[in-house]
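Q: Chains as they are written, first to last, in my numbering: chain W, 98 to 542; chain C, 480 to 802. For each residue, glycine too, the CB sits at the ideal point set by N, CA and C. The model shown is predicted, which means the values in this text are computed figures rather than measured ones. One structure follows; several queries about it will come next.
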């Protein structure tokens, strides 16, 4: 079978060996947990509890009536000790609910299993929303929105994203190996919601054990299939994945629903499954703790809201003092300057990098070698975009389609002059989007 | 732990550096350099050394005077120095070599902002300047080895491409190796006569992915096709292989036209650029008063490079044509 892939991309060193064969470990639960009210794209949730309130495990503690938003649940039982802004992995401060754990592990009475077949397909998104499920691959887009495509869009394909193309990360890999039934059930629930039987689980070829296991299980189900992807970054990018599996191209500025596809991350899929199997909302996730400084790298099942410093303390210590700490993969994960930030729904990894791994190479002049053009998975010309952005030439940025950039970082990765291309483009992209928005508003007025 | 590094993503970087690329090019030039010394003797080696040394020195001096960052460590000046020497006859007087390097490094490269900023190939501008300033010295080609300081006693010959060339055309094999069956060398510049050595270097660059096939292939194929058109040199008509193996085509197509800074970055742009180089070379050879057209063909296409990049901007992934 020919392996599926996309044009462009790069081949960073895998770095997955240290964690891929180790079972997921349960991490201790800390005494104090922090639940930021904006762990998703869209409107921040509003607190439903106040200081001094008792909360239960799995209890909804914040929500927002806005459509593109998601509720937040407590992952422990205990007492609210503060509702205040706290630092989060993105570097900002976000209004958060701070809970002191009473270690009673007392569940909210609303946590009850549910047979999805007893529901009408149209009721599924609301249940998923109530469970606080958002995209756990890192983008944290509310999943119920994906499950409710706008009228006129017909979904005929559902893809579970098991590419996990970022180096170091093995959390999705371990989830597929250890709870494949949850992955399959989650996918079946989504297929049930759309009334179709065309479900794909797409996995990069560096995870043959997961491919074998899930292929065997899919064979027993109707309309489920494992797709083997060529290992290449950013294969897990939504548009690249859809193209590899279906040969369809998501139109510029469009959504997967425009080509009839819904993509969900592996752990998002299991979060949906667990909502129906056990009634539990999204209150935990699998986090890869790795990098050259970690003495015993492994995946951990972590309660959402657990502070990073607590995890690092419990995860077996350092071989050397980390020089850089990244939340997520090394290609796209934000670097951290403080460690009291909590694990949120989109945190797939904590990477503690050594001085050598963290080295920031000196920028040289652009040679115009065109490697960034060759490797850009969106077919852009990063050397020009970065140059326009640095010069503040926003009109040219727009003309060269800077808004199509997915910020995967292939350009910076491949640049022999070590230029910070994606960083310049990121800034230019924000300014360009602001300018387009302004123009649209002016046209409306 | 207030010592954490915070830097833009990605935190992982590829291995290739500007230096590595330049070293790869230098390595790829070695077979042709050896061939040059084999055919044209110690003096060819001396011309190359003088050229490299003065290119590096000019770069260093300019950066010191202009108080710029010293960048000689990126080896790009070494490449320019070697390439310029490759385009000169082994009998070129040393002061001319040094003047050529001055024009290449200081005027063409540094005055326009240094590495990556020049809009024409420095080595070729250096050569074009010398060709205009000292036409007879630059178009007198020894056909054998010369000692370090003898510059007059070697047997010289016109290039077979010239209308003044007398005698039978070299065979394909002679043209490919640069060695005539009588043991003499094909008249030409230091680095251009041995097509075999240049191809070897080209294959190395392709394998190392320093260059892509687009420019050399488009250049060579289009020139081969043009050889069927009748022109001033009837002996070459209908001899596509001879046409592409002779003169500076291999050197130009593999090493000069592929210069990153002065060639397009898109694949379509590269193809158009390569065809442009081939067509202009062919037209100059067919109708021009110079026997050879590689230098000017590439320089002209250099100027078009920014436009080619703009015209051939790839369609973004998922972009639909606006109605």
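1) Return the Cβ separation of residue 451(W) and residue 265(W) in integer angstroms, given the expectation that the two are a contact with Cβ distance under 8 Å.
2) Taking Cβ-Cβ distances shorter than 7 Å, what residues in chain C pair up with residue 465(W)?
3) Tell me where the alpha helix (DSSP H) around residue 681(C) begins and ends.
4) So which residues of chain C does residue 517(W) contact, with C-beta pairs closer than 7 Å?
5) If you follow the alpha helix (DSSP H) that residue 574(C) is part of, which residue opens it and which one closes it?
6) Is the beta carbon of residue 135(W) closer than 9 Å to that of residue 154(W)?
7) Considering residue 133(W), what are the terminal residues of the beta strand (DSSP E) in which it resides?
8) Answer yes or no: do residue 605(C) and residue 542(C) have a C-beta to C-beta separation smaller than 9 Å?
9) Determine the DSSP secondary structure at residue 781(C), reduced to helix, strand or coil.
10) Which residue comes first and which comes last in the alpha helix (DSSP H) that contains residue 701(C)?
11) Take every Cβ of the stretch 462-470 of chain W, pair it with every Cβ of the stretch 406-416 of chain W, and state whether three or more of those distances are shorter than 8 Å.
12) Do we get a CB-CB distance below 9 Å when we pair residue 792(C) with the residues of chain W?
13) Please determine if the stretch 363-383 of chain W and the stretch 228-239 of chain W are in contact, where contact requires at least 3 C-beta pairs separated by less than 8 Å.
14) With distances taken Cα to Cα, identify the nearest neighbour of residue 713(C) among 648(C), 559(C), 745(C), 498(C).
15) Beta carbon of residue 128(W), beta carbon of residue 198(W): below 9 Å?
16) Does the Cβ of residue 165(W) have 16 or more other Cβ atoms within 10 Å, making it buried, or fewer, making it exposed?
17) Using a Cβ-Cβ cut-off of less than 8 Å, list which residues of the stretch 488-501 of chain C approach chain W; keep chain order.
18) Using a 10 Å radius around the Cβ and a threshold of 16 neighbouring Cβ atoms, would you call residue 360(W) buried or exposed?
19) Ends of the beta strand (DSSP E) at residue 324(W)?
20) Could you give the distance in angstroms between the alpha-carbon of residue 611(C) and the alpha-carbon of residue 512(C)?
21) Apply the 10 Å Cβ neighbour rule to residue 387(W) and answer buried if 16 or more other Cβ atoms are within range, or exposed otherwise.
22) When the cut-off is 9 Å and only beta carbons count, does residue 550(C) lie next to chain W?
23) Name, please, each residue of chain W whose Cβ falls closer than 7 Å to the Cβ of residue 618(C).
24) With a threshold of 9 Å between beta-carbons, can residue 736(C) be considered close to chain W, or not?
25) Could you tell me the boundaries of the beta strand (DSSP E) in which residue 658(C) lies?
26) Below 8 Å on C-beta distance, what does residue 430(W) contact in chain C?
27) Does any residue of chain C have a CB that is nearer than 9 Å to the CB of residue 424(W)?
28) If you measure beta-carbon to beta-carbon, which residues of the stretch 773-799 of chain C are closer than 8 Å to chain W?
29) Can you name the residues of chain C whose CB is closer than 8 Å to the CB of residue 336(W)?
30) In whole angstroms, what is the alpha-carbon distance linking residue 296(W) and residue 168(W)?
31) DSSP state of residue 599(C), grouped into three classes?
32) Contact between the stretch 177-184 of chain W and the stretch 324-341 of chain W is defined here as three or more beta-carbon pairs at a separation below 8 Å; is this criterion met?
33) Does residue 440(W) come out as helix, strand or coil in the three-state DSSP assignment?
34) Would you mind working out which of 258(W), 221(W), 234(W) sits nearest residue 245(W), comparing C-alpha positions?
35) Helix, strand or coil: which one does DSSP assign to residue 193(W)?
36) State buried or exposed for residue 544(C), treating a residue as buried only when at least 16 other CB atoms are found within 10 Å of its CB.
A: Judging by the given coordinates:
1) With a Cβ gap of about 13 Å, residue 451(W) and residue 265(W) do not count as contacting.
2) Residues of chain C passing the Cβ test: 595, 739, 740, 744.
3) 674-686
4) 487
5) Here the alpha helix (DSSP H) through residue 574(C) covers 573-581.
6) For the pair residue 154(W) and residue 135(W), the CB atoms are not nearer than the 9 Å cut-off.
7) 129-133
8) no
9) helix
10) 693-705
11) No: fewer than three Cβ pairs fall under 8 Å.
12) yes
13) yes
14) 648(C)
15) yes
16) exposed
17) Answer set for the stretch 488-501 of chain C: 488, 489, 490, 491, 492, 493, 495, 496, 497, 499, 500.
18) With 16 or more Cβ atoms within 10 Å of its Cβ, residue 360(W) is classed as buried.
19) Looking at the DSSP string, the run of the beta strand (DSSP E) that includes residue 324(W) is 321-326.
20) 25 Å
21) Buried is the call here.
22) yes
23) Correct list: empty, because the minimum Cβ distance to chain W is about 32 Å.
24) no
25) It is not in any beta strand (DSSP E) - residue 658(C) carries neither H nor E in the DSSP assignment.
26) 488, 490
27) no
28) 788, 792, 793, 794, 795, 796, 797, 798, 799
29) 796, 797
30) 27 Å
31) In this structure, DSSP gives residue 599(C) a state outside helix and strand, which the three-state scheme calls coil.
32) no
33) Residue 440(W) falls in the coil class under three-state DSSP.
34) Per the Cα distances, 221(W).
35) strand
36) exposed
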